[in-house]
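Peer 1: If you're matching positions, the sequence shown starts at 6 in this note's numbering and goes up one per residue. Glycine is no exception: its CB is placed at the ideal position from the N, C-alpha and C atoms. Just passing along the structure, written as structure tokens.
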Amino acid sequence: PRKYYVITGRFRTDEGREFDAILLTKDKNRIWDRRLAYKVAEGCKKLGEGEAKVTIRRVRVQPPPPYDGTTMQVEVARITGLTPRDIADRSRGVAQRLYEGGLISYIGTESQKWPKGWNRKNFIEMLKIIEGYNPLKKDVEWVLKNMRKRAVEGKKEDPAHPAIHIVGNPESSGFKFPNKYYRMVYEIIARRVLASLSPDGLDERTRIDISMGEHVFRATGTIVVEEGWRTVWPYCERKEVELPKVNNGEVLKLVSIKVEEKETQPPARYTPVTLIKEMARLGLGTKNTRAQILDILEKRGYVTGSSFKPTALGMKVVEILENNVPEIISPEMTSQLDKNLTDIELEKIDPHQVMNESYKKLNVLMKEFEKRQEVIGSILGDAFKTYRKEAEDVGICPKCKGKLLLKKSRYGFFVICNTCGNKYHIFKGEKLSKRNCSCGLPLVSGSIKTKSGRRIRYTRCLGNCEKSPLRCSLCSSVARPLNGKYGVFLVCSNSECGATNYIKILKQKQKQP
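Okay, structure coming up:
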């Protein structure tokens, strides 16, 4: 990381109201020199005041378009905390089940367009369906009173399916939400429909530039004048900043000035949500395969963690392919193939032409790969052995100081000592952490779902020792997981308490393995 400096001035109006403004730098470059930052701050302090230039404009904020499959996965994951696979998996995804239950339209669409031929009558019929769902009744009534003349659409098209929209409600169809996430996903999709039929919002944006010699400080503010579609869409990530009233040309007094030292930050690691968004931007995979691709990366040991971190094996695979057949991992080649398939579907391109061109390209790549396959196979084999060895060795046995190894049986994963046979069970959905408990054993992280649909995340000691961070929130005794009729649950180890799924996580000084 590299240090840089931000200069903030606090200014006072003629009416005595104060607000902060940040120094603008030339060409939007940061101030890297500490001495320069303090020199600028000192110069502004000596001037003591600056002249304000005020710009106020009103901006219409258009509603978002209806969901296509990828945008739905990304936004619903952000709002609910579910993973893209939890949402769209064909066997158990929440949105997939809602589609099968006749509540929403096909979720695999790439379209942001409404069904062809729909008129105002069709939209009102859909609104009446949503109105039958009691929690959204008042919102629908508001939309019917304020409905825009033309529903908002996006640019994306899919010849086979329209954008995701509501086709039924749970009351009339008899569909019972198994847990709160089904209700949440249904309401998000319904509200997206309502938003796209609602009027624009109106914001007032203010910019105050304060000139102090050759330097300019800027403050920006936004206030909502008309909520518009945001009345029915409560998921907006917005923050109103109201600035005091300042007249154009008004002289503002500098009350104080401060220099903050900051550091540049590396790009954040990809999460399932951000990686799917990036894959969609690059044109990699389809709305149905992207979540599956992420699962494959985890299962093969190429990445680990909720914020994906490449493993040594994953790094080695990329390194080998880059050095030998770089075209195989080229996003451009893969996205072009996916684009060609879409164009075939839209009848924009001759399928025979695509097949011939693709065959020629892939044939050249495969011949190059075959020439080097023995070398590639040997290096990959060694990398996989190293990965397996590192993955299996998880620590030191507290009983005999032997090696604790991670193993897998038909019933799942477990940890066992290679000397004395001391054994620890790992429950379904749990993962070993890189950190250790205060007792020296590895920590284990996991999550469970209660009958009400609430997800509880926890961290425990592998051996559930007395120093384990997983505690009963009622009596503070150590809590531990158990297998029950409905899956894994958490129970207090104190027999006099015996509370289930009431937990807290204690902070502790953790030993590094």
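Mind checking which residues open and close the alpha helix (DSSP H) that includes glycine 55?
Peer 2: No alpha helix (DSSP H) contains glycine 55, which is instead part of the beta strand (DSSP E) from 54-66.
Peer 1: Taking only the alpha-carbon atoms, compute the straight-line gap between lysine 263 and threonine 30 and give it to the nearest angstrom.
Peer 2: 15 Å
Peer 1: Could you check what DSSP says for aspartate 5 in three-state terms: helix, strand or coil?
Peer 2: The displayed coordinates of the chain run from 6 to 518. Any statement about residue 5 would go beyond what the structure contains.
Peer 1: According to DSSP, simplified to helix, strand and coil, what is serine 178?
Peer 2: helix
Peer 1: Would you decide whether tryptophan 37 is buried or exposed? Buried here means 16 or more other CB atoms lie within 10 Å of its CB.
Peer 2: Label assigned to tryptophan 37: exposed.
Peer 1: Leaving out the 5 sequence neighbours to the left and right, which residues in its chain are closer than 6 Å to isoleucine 228 when beta-carbon positions are compared?
Peer 2: Glu209, Glu245 and Glu247
Peer 1: Using a Cβ-Cβ cut-off of 7 Å (strictly less than) and excluding sequence neighbours within five positions of serine 116, which residues of its own chain qualify?
Peer 2: Asp73, Lys161, Glu162, Asp163, His166, Pro167 and Ala168
Peer 1: To the nearest angstrom, how far is the alpha carbon of glutamate 105 from that of cysteine 502?
Peer 2: In a straight line, the C-alpha of glutamate 105 is about 43 Å away from that of cysteine 502.
Peer 1: Leaving out five residues on either side along the sequence, give the residues of the same chain with a beta carbon under 7 Å from the beta carbon of tyrosine 392.
Peer 2: Taken in chain order, the residues that qualify are Gly306, Thr316, Ala317 and Leu318.
Peer 1: Determine, using beta carbons only, whether valine 230 and arginine 63 come nearer to each other than 8 Å.
Peer 2: yes
Peer 1: CA-CA distance, leucine 287 and isoleucine 354?
Peer 2: Cα to Cα, leucine 287 sits roughly 21 Å from isoleucine 354.
Peer 1: Starting from the Cα of tyrosine 463, find the closest Cα among Phe494, Val99, Gly445 and Arg83 and give me that residue.
Peer 2: Phe494
Peer 1: Need the endpoints of the alpha helix (DSSP H) that asparagine 329 sits in, please.
Peer 2: Start and end: 317-329.
Peer 1: Check whether the Cβ atoms of asparagine 423 and leucine 410 lie closer than 8 Å to each other.
Peer 2: yes
Peer 1: Put serine 452 into one of helix, strand or coil per three-state DSSP.
Peer 2: strand
Peer 1: Tell me, please, which residues DSSP counts as bridged to methionine 217.
Peer 2: His220
Peer 1: How about leucine 108 and asparagine 184: do their beta carbons lie closer than 8 Å?
Peer 2: It is not a contact, given that the beta carbons lie outside the stated cut-off.
Peer 1: Threonine 60: buried (16+ other C-beta within 10 angstroms of its C-beta) or exposed?
Peer 2: Counting the other CB atoms within 10 Å of its CB gives threonine 60 a total below 16, which places it among the exposed residues.
Peer 1: Measure the C-alpha to C-alpha separation of glutamate 337 and methionine 284 and round it to an integer number of angstroms.
Peer 2: 11 Å
Peer 1: Report yes or no: do the segment 73-87 and the segment 179-198 share at least 3 C-beta pairs separated by less than 8 Å?
Peer 2: The segment 73-87 is in contact with the segment 179-198.
Peer 1: When burial is assigned at 16 or more other CB atoms within 10 Å of the CB, is glutamate 20 buried or exposed?
Peer 2: exposed
Peer 1: Pull up the distance between the alpha-carbon of phenylalanine 182 and that of leucine 103, whole angstroms please.
Peer 2: Taking the straight line joining both Cα atoms gives about 9 Å.
Peer 1: Given a cut-off of 8 Å, decide if tyrosine 10 and glutamate 265 are closer than it, judged by their beta-carbon atoms.
Peer 2: Contact: yes.
Peer 1: Pick out whichever of Leu346, Asn329, His170 and Ile135 has its Cα sitting closest to the Cα of lysine 376.
Peer 2: Asn329
Peer 1: Is tyrosine 9 helix, strand or coil by DSSP?
Peer 2: strand
Peer 1: Just checking my contact of histidine 220 with leucine 28 at CB under 8 Å: how many whole Å lie between their CB atoms?
Peer 2: At roughly 6 Å, the Cβ-Cβ gap stays under 8 Å, so histidine 220 and leucine 28 are in contact.
Peer 1: Let's test the definition: count the other Cβ atoms within 10 Å of the Cβ of glycine 218 and tell me whether it reaches 16, buried, or not, exposed.
Peer 2: exposed
Peer 1: Reducing DSSP to helix, strand and coil, say where threonine 225 ends up.
Peer 2: strand
Peer 1: Is there contact between the segment 362-370 and the segment 333-352, where contact requires at least three CB pairs shorter than 8 Å?
Peer 2: yes
Peer 1: In terms of residue numbering, what span does the alpha helix (DSSP H) encompassing leucine 29 cover?
Peer 2: Looking at the DSSP string, leucine 29 is not in any alpha helix (DSSP H), and its letter there is neither H nor E.
Peer 1: By Cβ distance, which residues of its chain are closer than 7 Å to alanine 484, with the 5 residues on each side in sequence left out?
Peer 2: Leu475, Arg476, Cys477, Leu495, Val496, Cys497, Ser498 and Ile508
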